[in-house]
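Chemist: In the order they appear, the protein sequences are chains A and B.
Under the numbering used here, the letters of the first sequence match residues 253 to 486, in that order.
Under the numbering used here, the letters of the second sequence match residues 181 to 399, in that order.
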Amino acid sequence: MAINKVVANAKEATKDIKDNMTLMLGGFGLCGIPENCISELVNMNVKGLTCISNNAGVDDFGLGLLLQKKQIKKMVSSYVGENDEFERQMLSGELEVDLIPQGSLAERCRAGGAGIPAFYTPAGYGTEVADGKEVRVYNGKPHILEEALTADFAIVKAWKGDTAGNLIYKATARNFNPMMAMAGKITIAEVEELVPEGELDPNFIHTPGIFVQRIFKGENYEKRIEQRTVRQKG
Amino acid sequence: MALDKTGIAKRIAQELRDGWYVNLGIGIPTLVANFVNKDITVEFQSENGILGMGPFPFDGEEDADMINAGKQTVTLQPGASIFDSATSFAMIRGQHVQLTVLGAMEVAQNGDIANWKIPGMMVKGMGGAMDLVASAKNIIVAMMHTNKKGESKLLKACSLPLTGVGCVTKVVTNLAVLDIKDGAFHLVERAPGVSVEEIQAATEGTLIIPDHVPEMKLD
Numbered sequence: 253m254a255i256n257k258v259v260a261n262a263k264e265a266t267k268d269i270k271d272n273m274t275l276m277l278g279g280f281g282l283c284g285i286p287e288n289c290i291s292e293l294v295n296m297n298v299k300g301l302t303c304i305s306n307n308a309g310v311d312d313f314g315l316g317l318l319l320q321k322k323q324i325k326k327m328v329s330s331y332v333g334e335n336d337e338f339e340r341q342m343l344s345g346e347l348e349v350d351l352i353p354q355g356s357l358a359e360r361c362r363a364g365g366a367g368i369p370a371f372y373t374p375a376g377y378g379t380e381v382a383d384g385k386e387v388r389v390y391n392g393k394p395h396i397l398e399e400a401l402t403a404d405f406a407i408v409k410a411w412k413g414d415t416a417g418n419l420i421y422k423a424t425a426r427n428f429n430p431m432m433a434m435a436g437k438i439t440i441a442e443v444e445e446l447v448p449e450g451e452l453d454p455n456f457i458h459t460p461g462i463f464v465q466r467i468f469k470g471e472n473y474e475k476r477i478e479q480r481t482v483r484q485k486g
Numbered sequence: 181m182a183l184d185k186t187g188i189a190k191r192i193a194q195e196l197r198d199g200w201y202v203n204l205g206i207g208i209p210t211l212v213a214n215f216v217n218k219d220i221t222v223e224f225q226s227e228n229g230i231l232g233m234g235p236f237p238f239d240g241e242e243d244a245d246m247i248n249a250g251k252q253t254v255t256l257q258p259g260a261s262i263f264d265s266a267t268s269f270a271m272i273r274g275q276h277v278q279l280t281v282l283g284a285m286e287v288a289q290n291g292d293i294a295n296w297k298i299p300g301m302m303v304k305g306m307g308g309a310m311d312l313v314a315s316a317k318n319i320i321v322a323m324m325h326t327n328k329k330g331e332s333k334l335l336k337a338c339s340l341p342l343t344g345v346g347c348v349t350k351v352v353t354n355l356a357v358l359d360i361k362d363g364a365f366h367l368v369e370r371a372p373g374v375s376v377e378e379i380q381a382a383t384e385g386t387l388i389i390p391d392h393v394p395e396m397k398l399d
């Protein structure tokens, strides 16, 4: 019998998230974002959050909902377009923004979860991203020191999960979710399908349950598409 | 006649080789996928976690969980794989991807590239561009030769904040194909009907012109 991680809903999962905490939120654009927990954070009206997330949502969906209510103090992201309120808060100085190369962001989360405090990467060398960072030459090429990221809470979204917290993601909704799941002091997983332990094939688990402290079945996923691109048949 | 964006994409498609994994950036680079020689097999990598990216889905078959790095709905080719962002950038940083094609605002004759930030304008972020240019062995920039004001984008030194240093090896513009080596742009081909003089006039950086500059062959 595996350890049971199930909680009732987003409200119970997020109940001890407090003002001024640091959160990691999975997703790439609006793909694979924890919609239920974001809604609950809006309801709770927690303030002063530092949010580590590849993107910042759009004006009326995803993290844009928290920005509208001015709940976010600082964003740590790689790309933050598509959001007018974000732009306004950033230009007015209300919102602090730390832009990080996407691969460095992913690896900093992975390192945080894997117990590696820092690593050297060539990404950003010679640019303003390297300002103030240690440089070392390996194999004749300069690299910069990037430090691991962790969070008070990591909030991830998966396709299927079991009561033991094992997770399987669907298609490109995987993105940052697995690394962030590793890097939270407490990791909350919301899933589309929650099944009893033993029902997921252990060979195909993406995130082992050890990284997940709370899991619940999410409701009413909107799964909004940012850029609907199609071709016509025939 | 200077090339249009499609023409630039067609010319870059000629650089692809059988068995390569290729990352295409947003804009003109995305169009390259439409002109791959039927006799070769390449797989397209999208940095949000796809190897073997296919075309857009048919109307009605789009899936919100299946997007590319431009957040567009896409499909998978047979033999495709899906992975997380850390694995994706391991492929990129670890030089397992043979070619990166991306757009730029400025390229310098030493291979520096600027494509993410204009001082005084809203900064959206570098996304994966800094990781891509810092690691790829083979980087082709696809862009117009001059900006909207008619000023050269091929410069002695970049004026905008850099994305990467000394990394670009080839530039394909609406006017020419140029290699970057030894601190200069080397003219390789002209767009059909475009003269060497026109290219020289549109290039601020040092341009090395060989005795014979062939015209590009498209189609």
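All C-beta atoms, glycine included, are put in the ideal place defined by N, C-alpha and C.
Under 9 Å between the Cβ atoms of G307 (chain B) and A249 (chain B)?
Modeler: The residue given as residue 307 (chain B) occupies position 127 in the second sequence. The residue given as residue 249 (chain B) occupies position 69 in the second sequence. Cβ distance < 9 Å, so G307 (chain B) and A249 (chain B) count as in contact.
Chemist: Would you please verify whether the beta carbon of R483 (chain A) is less than 9 Å from any beta carbon of chain B?
Modeler: Here residue 483 (chain A) is taken as the residue at index 231 of the first sequence, counted from 1. Taking Cβ atoms only, chain B reaches closer than 9 Å to R483 (chain A), which makes this a yes.
Chemist: Below 8 Å, how does it come out for the segment 268–275 of chain A and the segment 466–484 of chain A: are there three or more Cβ pairs, yes or no?
Modeler: Touching, no.
Chemist: Using the three-state DSSP reduction, which class does D219 (chain B) fall into: helix, strand or coil?
Modeler: Along the second sequence, one-based indexing puts residue 219 (chain B) at 39. The answer is coil: DSSP assigns D219 (chain B) none of H, G, I, E or B.
Chemist: From P454 (chain A) to A358 (chain A), what distance separates their C-alpha atoms?
Modeler: As a working note, residue 454 (chain A) is residue 202 in the first sequence. As a working note, residue 358 (chain A) is residue 106 in the first sequence. One C-alpha to the other measures close to 25 Å.
Chemist: Since K317 (chain B) and Q275 (chain B) should fall inside the 8 Å C-beta cutoff, what is the C-beta to C-beta distance between them, to a whole number of angstroms?
Modeler: As a position in the second sequence, residue 317 (chain B) is number 137, starting the count at 1. As a position in the second sequence, residue 275 (chain B) is number 95, starting the count at 1. With a Cβ gap of about 6 Å, K317 (chain B) and Q275 (chain B) count as contacting.
Chemist: Please name the residue in A:I352, A:P353, A:V332 whose C-alpha comes closest to that of L242 (chain A).
Modeler: Absent from the model: residue 242 (chain A). The displayed extent of chain A is 253 to 486, so no value can be given.
Chemist: What span of residues does the alpha helix (DSSP H) with D350 (chain A) cover, start to end?
Modeler: For the purposes of this step, residue 350 (chain A) is taken as the residue at position 98 of the first sequence. Run containing D350 (chain A): none in the alpha helix (DSSP H); it sits in the beta strand (DSSP E), 348–351.
Chemist: Buried or exposed for F365 (chain B), please, with buried defined as at least 16 other CB atoms from any protein chain shown within 10 angstroms of its CB.
Modeler: On the second sequence, residue 365 (chain B) is found 185 positions in, with the first residue counted as 1. Its Cβ being crowded by 16 or more others within 10 Å, F365 (chain B) is buried.
Chemist: The beta strand (DSSP E) that contains I324 (chain A), what's its start and end?
Modeler: The count along the first sequence starts at 1 and reaches residue 324 (chain A) at position 72. I324 (chain A) -> beta strand (DSSP E) spans 324–329.
Chemist: In this structure, what does DSSP give as the bridge partners for Q479 (chain A)?
Modeler: Locating residue 479 (chain A) in the first sequence gives position 227, where the first residue counts as 1. According to DSSP, which records beta bridges pairwise, Q479 (chain A) is partnered with B:Q252.
Chemist: Please name the residues in the segment 358–384 of chain A whose beta-carbon is closer than 8 Å to at least one beta-carbon of chain B, in chain order.
Modeler: Correct list: A358, E359, C361, R362, T373, P374, A375, G376, Y377, G378, T379, E380, V381.
Chemist: Could you work out which residues of chain B lie near G309 (chain A), taking near to mean beta carbons separated by less than 7 Å?
Modeler: Position 57 of the first sequence, counted from the start, is the residue given in the question as residue 309 (chain A). Result: empty, since nearest Cβ-Cβ is about 12 Å, beyond 7 Å.
Chemist: Does the segment 300–315 of chain B come close enough to the segment 371–384 of chain A to have 3 or more Cβ pairs within less than 8 Å?
Modeler: Output reads yes: the segment 371–384 of chain A touches the segment 300–315 of chain B.
Chemist: Among the candidates A:E444, A:V482, A:L452, whose CA atom is the shortest distance from the CA of G284 (chain A)?
Modeler: By 1-based counting over the first sequence, the position of residue 284 (chain A) is 32. Ranking the options by Cα distance to G284 (chain A), first place goes to A:E444.
Chemist: So for L315 (chain A), helix, strand or coil by DSSP?
Modeler: Here residue 315 (chain A) refers to the residue found at position 63 when the first sequence is read from its first residue. Reduced to three states, the DSSP call for L315 (chain A) is coil.
Chemist: What does N228 (chain B) touch in chain A if you count any residue whose Cβ is under 7 Å from its own?
Modeler: Within the second sequence, the letter at position 48 stands for residue 228 (chain B). What N228 (chain B) touches in chain A: F280, T424, N427.
Chemist: Output the boundary residues of the beta strand (DSSP E) element that contains I247 (chain B).
Modeler: Within the second sequence, residue 247 (chain B) is the residue found at index 67, counting from 1. Looking at the DSSP string, I247 (chain B) is not in any beta strand (DSSP E), and its letter there is neither H nor E.
Chemist: Can you find at least 3 beta carbon pairs, one from the segment 183–199 of chain B and one from the segment 213–223 of chain B, that sit closer than 8 Å?
Modeler: The segment 183–199 of chain B vs the segment 213–223 of chain B: in contact.
Chemist: Does the beta-carbon of A254 (chain A) have 16 or more other beta-carbons within 10 angstroms, so that it is buried, or is it exposed?
Modeler: Start at 1 with the first residue of the first sequence, and residue 254 (chain A) comes out as number 2. Its Cβ having fewer than 16 others within 10 Å, A254 (chain A) is exposed.
Chemist: Please identify, using Cβ separations under 8 Å, the residues of the segment 314–331 of chain B that lie next to chain A, in order along the chain.
Modeler: Those residues of the segment 314–331 of chain B that come within reach of chain A (Cβ to Cβ, closer than 8 Å) are A314, S315.
Chemist: Quick one: is G365 (chain A) buried, meaning 16 or more other Cβ sit within 10 Å of its Cβ, or exposed?
Modeler: Along the first sequence, one-based indexing puts residue 365 (chain A) at 113. Flag for G365 (chain A) reads buried.
Chemist: May I have the straight-line CA-CA distance separating I462 (chain A) from F338 (chain A), to the nearest angstrom?
Modeler: The residue given as residue 462 (chain A) occupies position 210 in the first sequence. The residue given as residue 338 (chain A) occupies position 86 in the first sequence. So the two alpha carbons sit approximately 35 Å from each other.
Chemist: Quick one, are the C-beta atoms of D359 (chain B) and V345 (chain B) less than 9 Å apart?
Modeler: For the purposes of this step, residue 359 (chain B) is taken as the residue at position 179 of the second sequence. For the purposes of this step, residue 345 (chain B) is taken as the residue at position 165 of the second sequence. No, these two residues do not count as a Cβ contact at 9 Å.
Chemist: Please compile the residues from chain B whose C-beta is within a distance smaller than 8 Å of the C-beta of K475 (chain A).
Modeler: Residue mapping note: residue 475 (chain A) aligns to position 223 of the first sequence, counting from 1. Per Cβ cutoff of 8 Å: A244, D245.
Chemist: Would you mind working out which of A:N427, A:K393, A:A416 sits nearest K409 (chain A), comparing C-alpha positions?
Modeler: Stepping through the first sequence from its first residue, residue 409 (chain A) is reached at position 157. K409 (chain A) has its Cα closest to that of A:N427, out of A:N427, A:K393, A:A416.
Chemist: Using DSSP bridges, identify the partner residues of Y372 (chain A).
Modeler: Taking the first residue of the first sequence as position 1, residue 372 (chain A) is located at position 120. Per DSSP, A:L397.
Chemist: Looking at chain B, which residues of the segment 255–279 of chain A have a Cβ within less than 8 Å of any of its Cβ atoms?
Modeler: So the list is empty, because no residue satisfies the distance condition.
Chemist: Mind pulling the chain B residues with CB within less than 9 Å of L397 (chain A)?
Modeler: As a first step, residue 397 (chain A) must be located in the first sequence, where it is residue number 145. Near L397 (chain A) there are no residues of chain B at all, since even the closest Cβ is about 14 Å away, more than 9 Å.
Chemist: Where G240 (chain B) and R483 (chain A) are concerned, what is the direct C-alpha to C-alpha distance, given to the nearest angstrom?
Modeler: Taking the second sequence and counting its residues from 1, one reaches residue 240 (chain B) at position 60. Taking the first sequence and counting its residues from 1, one reaches residue 483 (chain A) at position 231. Each residue's Cα considered, the two are about 10 Å apart.
Chemist: Determine the closest residue to I396 (chain A) out of A:D404, A:K385, A:L446, with distance taken between C-alpha atoms.
Modeler: Translated into the one-based positions of the first sequence, residue 396 (chain A) becomes position 144. When only C-alpha atoms are compared, the closest one is A:K385.
Chemist: Give me the Cα-Cα distance between I477 (chain A) and T255 (chain B), rounded to the nearest whole angstrom.
Modeler: Numbered from 1 along the first sequence, position 225 holds the residue referred to as residue 477 (chain A). Numbered from 1 along the second sequence, position 75 holds the residue referred to as residue 255 (chain B). If I take the Cα positions, the gap works out to 14 Å.
Chemist: Please tell me whether F215 (chain B) has its Cβ less than 9 Å away from any Cβ of chain A.
Modeler: Position 35 of the second sequence, counted from the first residue, corresponds to residue 215 (chain B). For F215 (chain B), the answer is no, since every Cβ of chain A falls outside 9 Å of its Cβ.
Chemist: Just to make sure I have the definition right: I need the residues of chain A whose C-beta is within less than 8 Å of the C-beta of D239 (chain B). Which are they?
Modeler: For this step, residue 239 (chain B) is matched to residue 59 along the second sequence. Ordered by position in chain A, the residues that pass the 8 Å Cβ test against D239 (chain B) are V482, R483, Q484, K485.
Chemist: So what does DSSP say about A337 (chain B), is it helix, strand or coil?
Modeler: Here residue 337 (chain B) refers to the residue found at position 157 when the second sequence is read from its first residue. In this structure, A337 (chain B) counts as coil in the three-state DSSP scheme.
Chemist: Near L355 (chain B), what residues of its chain come up, given a Cβ to Cβ distance below 8 Å and the 5 sequence neighbours on each side ignored?
Modeler: Position 175 of the second sequence holds residue 355 (chain B). Correct list, in chain order: A182, L183, H325, R370, A371, V374, E378, I379, A382.
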